[in-house]
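Enquirer:
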Amino acid sequence: MGFKLKQTLGSVALIVVLSTLLIVLAVWQFRWTNELSNADWQRQQAALQTGMNAFRENLRTDLAGVCGGFANWEIGKADTVETLYARRCLDWQRSSEHRDLVANFYLWEKAPEGKYSFLEFNPQTSSFQREACPPRLGDLCDPSDLTGGFPWRGLEFGWRLHGQTLAMLHPLLEPASPQGVCPPHCTSAGLAIVELNRDYFLKTYFPELAQRYFGGAQGLFYQVAIADTATPPNFLYSSESKPSPQMVTSADGTIRLFSARRRSALEPRPEEPREGNAPLRRGWFGPPRGAFNRPPRESGGPPREPGGLARGFFPVPIFADSAAARWQLVVRHRNGSLREAVAITWRRNLLMGLGALLILGASMALVLVWSRRIQKLAKLQMDFVTGVSHELRTPVTVICSAAENLADGVVDSESQVKQYGALIGKEGKRLAAMIEQVLLFAATRNERGHYQRQPVAVEPTIDSAVADLAHLTRANGFTVEKEISPNLPPVMADPRALGRCLQNLMTNALKYGADGQWMAIRARPGSGSEAGEVLITVEDRGRGIEPEDLPHIFEPFYRGSAARASQEHGTGLGLSLAKEAAEAMGGKLTVTSSRGEGSAFTLHFPVAT
Ligand code: ADP
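Here this note's numbering is used: the first residue of the sequence shown is 3, the next is one more, and so on.
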């Protein structure tokens, strides 16, 4: 097996192995991204659920903290409802961490004769004063049914959230009889109303909670709202300035903030009637029995109740009325949905991964292509060195032997001396031209070749090139046809470089068009896409160029297969130099050729304006 074939097979095998590896990596990448995405989806869902639960618990705890500050305990003999609550309100305002949550305190106090009076807490005087019930409290201003149809019985420690007004309600209870103990034997003494600070809740409290559980350094990841999810939804709070119903219909998660009354927690079940003095059933939130039957604290001091319970720290049952029971925490991802957000991350990860693989593949392909090019160039350079050495050897040998003959006196007649002199001169010129070409190539490569562009008349330049090569055309029996369009405009070029290009093309026509012994030089203005150019064509009727050689003939050191086979003199630099020079002067060099019929090389130069 030849070395070249082995090399090609090796390259193909390498390409196949690398491509397979890339495909396997791409499949793995795809699967891995899918798995990651699923895990991410589950994690984010769990985090969202945890966040919603925490939001709800936080809200409930804070509200319980508010309620705890006003927890009910038996009204002592020395206290009236009013003085007891006034003290609680004062303590609350002085020491509570949740001060901002509450806007006002009110009492509906039941007078002995059974009439109710409305009292408002005045922080200046630290006492409750009779006031007219503010209309914003709505149905809470109607003392005829302060229970609002809500069965308070058994809920001695419970509070009720009034959704419409955003107020916490708590029944005021007193022992049913002077010797009685409340609970269980209580009677209504009125209603405590803690009006929550709506403004603070909407502008500060909810946004802070939303940020805490659904936000990061760059703000909220989710749109957060508290809404009555009826259709259309009614928003109590929203993180969006204009909440859309879609927030509810395509929410990623919803959770009810308050449960309605849990009957089984505090009330005797119908099937389990409470007998006599049997202890009240307590739910998870039930305080220790009797904790509030102790005498109330008379003065300031640490906020601990005599029963050993820190005020506001025990769980307080909060039940919602029908409006608040419909409130749901609604959470929807900023990107439309959590699925979409995860899908975006999936797409991005996949693109990044596949992009990296693509770049890897492209780099590998480039390395392969470049290594092949470098190999080819190295081979061409070797061919060039061999070719140039071979080319140099012939004139040098001729010059040396002619010089030897002259020195040895072998040549004696004057005509022979002249002949020898002419031969030495001719071979010397060939040598000089070759060296010139190599130096020119090196100069072009090092970007030392600079051209002075100026308007150049085409016809005289062609005439001068034809004249310079007249001895060769004559010697080779060539017919040179010249066809110059009348009124041809001058072109922008370096006159010497243009002349060299023409000579190069004519020399090639002489070398490779020997079969036809004919060449034509035409110059005409370009038309259509070539308008604004002057086209100078050197045409021959030689052997033409092999199709497989055609794409490479402008590459430096490249020699056509026929030229190599027939051992035609040359370095493979002529066309590459002519093309580079034409392009450096703002023009170009093109070729058309058909095998056995000849070739036509055309220089395109811009018209000088
Ligand atoms: P060189 O003539 O020294 O080989 P060139 O760069 O001038 O180098 O030409 C490169 C190759 O292009 C030649 O080896 C030959 O195969 C092909 N070629 C150039 N001119 C002609 C032409 N007029 N007819 C046929 N083949 C040509």
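Ideal Cβ positions, reconstructed from N, Cα and C, are used throughout, including at glycine.
Nearest by alpha-carbon distance to residue 163: which of 197, 186 and 136 is it?
Expert: Sequence index remark: in the sequence shown, residue 163 carries index 161 (1-based). Residue 197 is the option with its Cα nearest to residue 163.
Enquirer: Once you ignore the five residues that flank residue 602 on each side, which residues in its own chain have a CB closer than 6 Å to its CB?
Expert: For the purposes of this step, residue 602 is taken as residue 600 along the sequence shown, with counting starting at 1. So the qualifying residues of the chain are 539, 541 and 594.
Enquirer: Give the DSSP-derived three-state secondary structure of residue 137 in the structure shown.
Expert: Mapped onto the sequence shown, residue 137 falls at position 135. Reduced to three states, the DSSP call for residue 137 is helix.
Enquirer: On the criterion of 16 or more Cβ atoms from any shown chain inside 10 Å, does residue 2 qualify as buried, or is it exposed?
Expert: Residue numbering for the chain in the displayed model covers 3 to 611; residue 2 lies beyond these limits and cannot be assessed.
Enquirer: Following a CB-centred definition, is residue 555 positioned closer than 7 Å to any heavy atom of the ligand ADP?
Expert: The residue given as residue 555 occupies position 553 in the sequence shown. Under cutoff, so the answer is yes.
Enquirer: Given a cut-off of 8 Å, decide if residue 513 and residue 557 are closer than it, judged by their beta-carbon atoms.
Expert: Counting from one through the sequence shown, the residue named residue 557 turns up at place 555. Counting from one through the sequence shown, the residue named residue 513 turns up at place 511. Result no, Cβ atoms of residue 557 and residue 513 do not sit closer than 8 Å.
Enquirer: Can you give the Cα-Cα distance for residue 468 and residue 505, rounded to whole angstroms?
Expert: As a working mapping, residue 468 is identified with position 466 in the sequence shown. As a working mapping, residue 505 is identified with position 503 in the sequence shown. About 8 Å.
Enquirer: With 16 other CB atoms within 10 Å as the buried threshold, where does residue 547 fall?
Expert: Along the sequence shown, one-based indexing puts residue 547 at 545. By the neighbour-count rule (16 or more Cβ atoms within 10 Å), residue 547 is buried.
Enquirer: Throw me the rounded Cβ distance for the residue 437 and residue 464 pair, which I believe falls under 8 Å.
Expert: Translated into positions along the sequence shown, residue 437 becomes position 435. Translated into positions along the sequence shown, residue 464 becomes position 462. Between residue 464 and residue 437 the Cβ distance is about 26 Å, and since that is not below 8 Å, they are no contact.
Enquirer: Given a cut-off of 8 Å on the beta-carbon distance, is the pair residue 559 and residue 544 in contact?
Expert: Counting from one through the sequence shown, the residue named residue 559 turns up at place 557. Counting from one through the sequence shown, the residue named residue 544 turns up at place 542. No, these two residues do not count as a Cβ contact at 8 Å.
Enquirer: Can you tell me the Cα-Cα spacing of residue 82 and residue 95, whole angstroms?
Expert: In the sequence shown, counting from the first residue as 1, residue 82 sits at position 80. In the sequence shown, counting from the first residue as 1, residue 95 sits at position 93. When rounded, the distance between both Cα atoms is 20 Å.
Enquirer: Is the beta carbon of residue 142 less than 8 Å from the beta carbon of residue 133?
Expert: One-based indexing of the sequence shown puts residue 142 at position 140. One-based indexing of the sequence shown puts residue 133 at position 131. No, the pair does not count as a contact, with Cβ atoms beyond the cut-off.
Enquirer: Can residue 385 be considered in contact with the ligand ADP, in the sense that its beta carbon sits closer than 7 Å to one or more heavy atoms?
Expert: Translated into positions along the sequence shown, residue 385 becomes position 383. Outside the cutoff, so no.
Enquirer: For residue 542, which of helix, strand or coil comes out of DSSP?
Expert: Along the sequence shown, read from residue 1 onward, the residue named residue 542 stands at position 540. Residue state, collapsed to three classes: strand.
Enquirer: Does residue 106 come out as helix, strand or coil in the three-state DSSP assignment?
Expert: Position 104 of the sequence shown holds residue 106. Strand at residue 106.
Enquirer: Find out if the Cβ-Cβ distance for the pair residue 192, residue 112 is shorter than 8 Å.
Expert: For this step, residue 192 is matched to residue 190 along the sequence shown. For this step, residue 112 is matched to residue 110 along the sequence shown. In this structure, residue 112 lies closer than 8 Å to residue 192 by Cβ.
Enquirer: Compare the C-alpha of residue 16 against each of 395, 237 and 371 and name the closest.
Expert: Taking the first residue of the sequence shown as 1, we reach residue 16 at position 14. With distances taken between Cα atoms, residue 16 lies closest to 371.
Enquirer: If you reduce the DSSP assignment to three classes, tell me which class residue 559 lands in.
Expert: Here the question's residue 559 lines up with position 557 in the sequence shown. If DSSP states are grouped into helix, strand and coil, residue 559 belongs with coil.
Enquirer: Would you call the stretch 353-364 and the stretch 47-59 in contact, with 3 or more CB pairs under 8 Å?
Expert: At 8 Å Cβ cutoff, the stretches do not touch.
Enquirer: According to DSSP, is residue 244 helix, strand or coil?
Expert: The residue given as residue 244 occupies position 242 in the sequence shown. Of the three classes helix, strand and coil, the one that applies to residue 244 here is coil, per DSSP.
Enquirer: Could you pull out every residue in the same chain whose Cβ sits closer than 7 Å to the Cβ of residue 11, ignoring the five residues on either side in sequence?
Expert: For this step, residue 11 is matched to residue 9 along the sequence shown. Cβ neighbours of residue 11 beyond the five flanking positions: none.
Enquirer: Span of the alpha helix (DSSP H) holding residue 381?
Expert: Against the sequence shown, residue 381 aligns to sequence position 379. From DSSP, the alpha helix (DSSP H) with residue 381 extends over 340-409.
Enquirer: Go through its chain and collect everything with a Cβ distance to residue 563's Cβ below 8 Å, but skip five positions before and after it.
Expert: In the sequence shown, the residue the question calls residue 563 occupies position 561. These residues qualify, in order along the chain: 548, 550 and 551.
Enquirer: Just the Cα atoms here: how many angstroms apart are residue 189 and residue 46?
Expert: Residue numbering aside, residue 189 sits at position 187 when the sequence shown is read from its first letter. Residue numbering aside, residue 46 sits at position 44 when the sequence shown is read from its first letter. Each residue's alpha carbon lies about 51 Å from the other.
Enquirer: Which of the three DSSP states, helix, strand or coil, is assigned to residue 600?
Expert: Residue 600 sits at position 598 when you count from the first residue of the sequence shown. Residue 600 falls in the strand class under three-state DSSP.
Enquirer: Please confirm if residue 104 has its CB atom under 8 Å from at least one CB of chain B.
Expert: Looking for chain B here will not work: only one protein chain is present.
Enquirer: For the putative contact between residue 257 and residue 330, defined by C-beta atoms under 8 Å, what is the C-beta separation to the nearest angstrom?
Expert: Taking the sequence shown and counting its residues from 1, the one referred to as residue 257 is at position 255. Taking the sequence shown and counting its residues from 1, the one referred to as residue 330 is at position 328. So it is a contact: roughly 6 Å between Cβ atoms.
Enquirer: Does the count of Cβ pairs from the stretch 415-425 and the stretch 378-386 closer than 8 Å reach three?
Expert: The answer is no - the stretch 378-386 does not touch the stretch 415-425, with fewer than three Cβ pairs under 8 Å.
Enquirer: Taking Cβ to Cβ, would you say residue 457 is nearer than 8 Å to residue 610?
Expert: Reading the sequence shown from its first residue, position 455 is the one you call residue 457. Reading the sequence shown from its first residue, position 608 is the one you call residue 610. Result yes, Cβ atoms of residue 457 and residue 610 sit closer than 8 Å.
Enquirer: Which residue's Cα is closest to the Cα of residue 324: 175, 168 and 421?
Expert: Numbered from 1 along the sequence shown, position 322 holds the residue referred to as residue 324. Considering only alpha carbons, the answer is 168.
Enquirer: Measuring only the C-alpha atoms, how far is residue 302 from residue 255?
Expert: Taking the first residue of the sequence shown as position 1, residue 302 is located at position 300. Taking the first residue of the sequence shown as position 1, residue 255 is located at position 253. In this prediction, residue 302 has a pLDDT of 36, which is less than 50 and means its spatial position is unreliable; nothing more can be read from the coordinates.
Enquirer: Can you give me the Cβ contacts of residue 300 inside the same chain, cut-off strictly under 7 Å, excluding the 5 residues immediately before and after it?
Expert: Locating residue 300 in the sequence shown gives position 298, where the first residue counts as 1. A caution first: residue 300 carries a pLDDT of 38, below 50, which makes its placement in the model too unreliable to give a value.
Enquirer: Tell me where the alpha helix (DSSP H) around residue 464 begins and ends.
Expert: To locate residue 464, count along the sequence shown from 1; it is residue 462. 460-470 is the span of the alpha helix (DSSP H), which, as asked, contains residue 464.
Enquirer: Tell me the DSSP bridge mates of residue 335?
Expert: Against the sequence shown, residue 335 aligns to sequence position 333. DSSP, once it has assigned bridges, lists 224 as partnering residue 335.
Enquirer: Does the Cβ of residue 547 lie closer than 7 Å to at least one heavy atom of the ligand ADP?
Expert: Numbered from 1 along the sequence shown, position 545 holds the residue referred to as residue 547. Checking every heavy atom of the ligand ADP against the Cβ of residue 547, one is found closer than 7 Å.
Enquirer: Within 10 Å of its beta-carbon, does residue 248 have 16 or more other beta-carbons around it, so buried, or fewer, so exposed?
Expert: On the sequence shown, position 246 is the one that residue 248 refers to. The residue is exposed, with fewer than 16 neighbouring Cβ atoms inside 10 Å.
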